[in-house]
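2 protein chains.
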Amino acid sequence: MARLRFQVSMSLDGFIAGPNPSVEDPLGEGGMALHEWAFKLAAWRKPHGREGGETNASSLIVEDGLQNIGATIMGRNMFGGGPGGWEAEPWNGWWGDDPPFHMPVFVLTHHAREPLHMRKGTTFFFVTDGIASALAQAKQAAAGKDVALGGGANAAQQYLRAGLIDELRLHVVPVLLGEGTRLFDHLAGAELKLEGPDALSTPEVTHLTYRLAK
Amino acid sequence: MARLRFQVSMSLDGFIAGPNPSVEDPLGEGGMALHEWAFKLAAWRKPHGREGGETNASSLIVEDGLQNIGATIMGRNMFGGGPGGWEAEPWNGWWGDDPPFHMPVFVLTHHAREPLHMRKGTTFFFVTDGIASALAQAKQAAAGKDVALGGGANAAQQYLRAGLIDELRLHVVPVLLGEGTRLFDHLAGAELKLEGPDALSTPEVTHLTYRLAK
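Quick mapping for you: the protein sequence lines, in order, are chains A and B.
Numbering-wise (numbering that gives the first Met the number 0), the first sequence opens with residue 0 and increments by one.
Numbering-wise (numbering that gives the first Met the number 0), the second sequence opens with residue 0 and increments by one.
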C-alpha cells in the first residue's frame, strides 16, 4: 500500500525555519543550521548534483528517505514563493532547469497552470482542488511507490490535520532557534495516533521515524 | 562540579501540559498521557511511595534521573498554585505530608515565607530574590551533588534564558496535544549551545539527554 511520507529537519524547539524568511533566505535566520547535517553527506549531495561529501550513520537515513518514492507533493512556497508570488508572473521556480526530483511533483496552489516539464523526468503539476486531490493524483503517478510530502509547514499541517500522512520522520537538530516557523502549529483538535519511533542519533542530528495509525 | 539538571516529559509537538490546567487538573487536558510511561515503572513508583510497577528500558533513565541529586528547585505553581495562589492563604502545597523529594526544595516565589519542614527530609525554602539566588542556595544545600530543576515551564524558561541549565533531558512521548503549555517558548534571543544527545527510545517514550555548553 503506497504511503505518504513526510520528513523534515527541525530544531529541538520545534522550528523548521528561522524568523524572517524571504526569497533570498527561504530558510529564515539561522535556518541553514537545520540542514548542515544533510548537506555534508555524499548521500545527499549526489542526488542533488553535487560532488564530494562524507558518509556517516545519517547516510542510511538519507538513502532510505529517497527509496521507493514515485511522486512528490509540495506547497506553493516550496516550488518558488516569495512576496507577490510566482503566480502573478509565472516563473519556473527556484529549483533550476534540472530539479533534483526526477519524478512528477504536485504543487498545491490556487492558481491553475499548465504542467511544467523540466529536465530528467521532473514535471511540476499545479493542483488547485486541494490536498486530497493532490494526494490522489500523486499516488496514481507514483504507480505503487510511495509519495513524499516535501513541505513546507502549511502543507504539512494541512495533511496532518486531515490524517493523511502515514510516516513522519523528524531530523531533530540540537539547536534552539527561539523563533521562526513551527512544524507543529495550528493542529489543535487534530486527533493523531503515532507509533514508534525508530530512533537513530548522532551528535549532529536525531532521526525519529513515526508511523501514523489510521 | 555540581550541575543544574532539568528533565521533563514533552509531547512530540512540544507541550509539557495540555490546555486548561487547573488545581484539579494541573497537567491540563490530555497531559496525563505524557507521564504514563513513568507512572507504570517500579523505578518511579517506589520513590513516590507506591507499590508494584514494571521494569523496562526506561527504568534506567528514571533511576539515573534520581541519582546524585542533593536539592531541587521549582516554580511556585509546582509547589502548589492555582487561582488566587497559595500565598494569599498559606498552605503546605499539594505534595502531602511526605513529599517525594527527601531533600531541600527551593520554591521560586514573590512572597516571603518561613521554611516549611515536612517528613523525611523534605524542607521547602521560599526564595524571593530570583533564579540565580535560588540556584546558589540550592547548590550550597546540595553540598557537591547536582541540583534538579523540577519545573514548570516558566521556571525552566527563565533558567534556559539565563544559560544556567547544564543538562536537559527530554522524555518525548509520541502524542500530539495540539495545544497547551510549550516548553520552548519565550526563548527568542537566548543563545544556547546544545551537545548530544544521548538517546534511548522505546515505543512509549524517547529519552534525549543534551548537555548545554557554557
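No residue lacks a Cβ here, since even glycine has one placed at the ideal position from N, Cα and C.
Since the structure is predicted, the reported quantities are computational estimates derived from the model, not experimental observations.
Whole-angstrom C-beta distance between residue j and residue i, which should lie under 8 Å
i: V146/A; j: F123/A; result: Not quite, the Cβ-Cβ distance comes to about 15 Å (not below 8 Å), so this is no contact.
i: M117/A; j: T71/A; result: Rounded, the Cβ-Cβ distance is 13 Å, inconsistent with contact.
i: V204/B; j: S10/B; result: About 11 Å separates the two Cβ atoms, so there is no contact after all.
i: T127/B; j: A137/B; result: Contact doesn't hold; Cβ gap of about 15 Å is too wide.
i: A37/A; j: T54/A; result: That pair is no contact at about 13 Å.
i: N219/A; j: G74/A; result: Limits of chain A in this structure are 0 at one end and 213 at the other, which puts residue 219/A out of reach.
i: L169/B; j: A56/B; result: About 16 Å; that fails the 8 Å criterion.
i: G79/A; j: G92/A; result: 4 Å
i: R160/A; j: A189/A; result: 5 Å
i: A187/A; j: G177/B; result: 4 Å
i: D12/B; j: L175/B; result: 5 Å
i: L215/B; j: A133/B; result: Residue 215/B lies beyond the stretch modelled for chain B, which goes from 0 to 213, so this question has no answer here.
i: L3/A; j: Y209/A; result: Between Y209/A and L3/A the Cβ distance is about 13 Å, and since that is not below 8 Å, they are no contact.
i: N67/A; j: K144/A; result: 5 Å
i: H34/A; j: S58/A; result: H34/A to S58/A, Cβ: 15 Å. No contact.
N-terminal and C-terminal residue of the alpha helix (DSSP H) that residue i is part of
i: M77/B; result: 75 to 79
i: I60/B; result: 56 to 65
i: A41/A; result: 41 to 44
i: I15/A; result: First-last for I15/A: 14 to 16, but that is the beta strand (DSSP E), not the alpha helix (DSSP H).
i: K138/B; result: 130 to 141
i: R160/B; result: 152 to 160
i: A37/B; result: 35 to 38
Neighbouring residues, chain A, relative to residue i (Cβ below 9 Å)
i: D214/B; result: Residue 214/B is absent from the model: chain B starts at 0 and stops at 213.
i: G92/B; result: Result: empty, since nearest Cβ-Cβ is about 30 Å, beyond 9 Å.
i: L26/B; result: Chain A residues near L26/B: none, gap ~17 Å exceeds 9 Å.
i: D165/B; result: Here the premise fails: no neighbours, minimum Cβ distance about 15 Å.
Under 7 Å by beta carbon: chain B residues contacting residue i
i: G177/A; result: L186, A187, G188, A189
Closer than 7 Å at the beta carbon, the chain A residues around residue i
i: P20/B; result: Within chain A, no residue comes near P20/B; the closest Cβ sits about 15 Å away, beyond 7 Å.
i: V174/B; result: L193
i: L33/B; result: Here the premise fails: no neighbours, minimum Cβ distance about 13 Å.
i: F183/B; result: D12, G13, L175
Proximal chain B residues relative to residue i, where beta-carbon distance stays under 9 Å
i: D97/A; result: Within 9 Å Cβ-Cβ: nothing; D97/A doesn't reach chain B, min ~36 Å.
N-terminal and C-terminal residue of the beta strand (DSSP E) that residue i is part of
i: E166/B; result: 166 to 172
i: E194/B; result: 192 to 200
i: L207/B; result: 205 to 212
i: M9/B; result: 3 to 10
i: T122/A; result: 122 to 126
i: F105/A; result: 103 to 107
Length of the line joining the Cα atoms of residue i and residue j
i: D184/B; j: L115/B; result: 32 Å
i: Q6/A; j: E166/A; result: 8 Å
i: R181/B; j: F14/B; result: 4 Å
i: K192/B; j: A135/A; result: 43 Å
i: G195/A; j: H109/B; result: 43 Å
i: G30/A; j: G52/B; result: 43 Å
i: P46/B; j: H47/A; result: 53 Å
i: P18/A; j: A32/B; result: 32 Å
i: N76/B; j: Q156/B; result: 14 Å
i: E113/A; j: I60/B; result: 56 Å
i: L163/B; j: A142/A; result: 54 Å
i: G149/B; j: A1/A; result: 45 Å
i: D97/A; j: G129/A; result: 27 Å
i: D24/A; j: G179/A; result: 13 Å
i: T121/B; j: E62/B; result: 19 Å
i: L40/A; j: D197/A; result: 21 Å
i: R44/B; j: R44/A; result: 49 Å
i: G151/B; j: P20/B; result: 12 Å
i: L211/A; j: W90/B; result: 45 Å
i: V22/A; j: K213/A; result: 37 Å
i: F100/B; j: L65/A; result: 49 Å
i: T201/A; j: T201/B; result: 17 Å
i: E50/B; j: A16/B; result: 26 Å
Beta-carbon neighbours of residue i, restricted to chain A and to distances below 8 Å
i: Y209/B; result: L11, P173
i: F78/B; result: By Cβ distance, chain A contributes nothing, its closest Cβ being about 26 Å from F78/B, past 8 Å.
Within-7 Å CB hit, residue i to chain C
i: E166/A; result: The displayed structure is made up of protein chains A and B, and chain C is not among them.
Exercise for the section: Mind checking the region 193 to 205 of chain A against chain B and listing, in chain order, the residues whose C-beta falls within less than 9 Å of any C-beta there? Expected result: L193, E194, G195, P196, D197, A198, L199, S200, P202, T205
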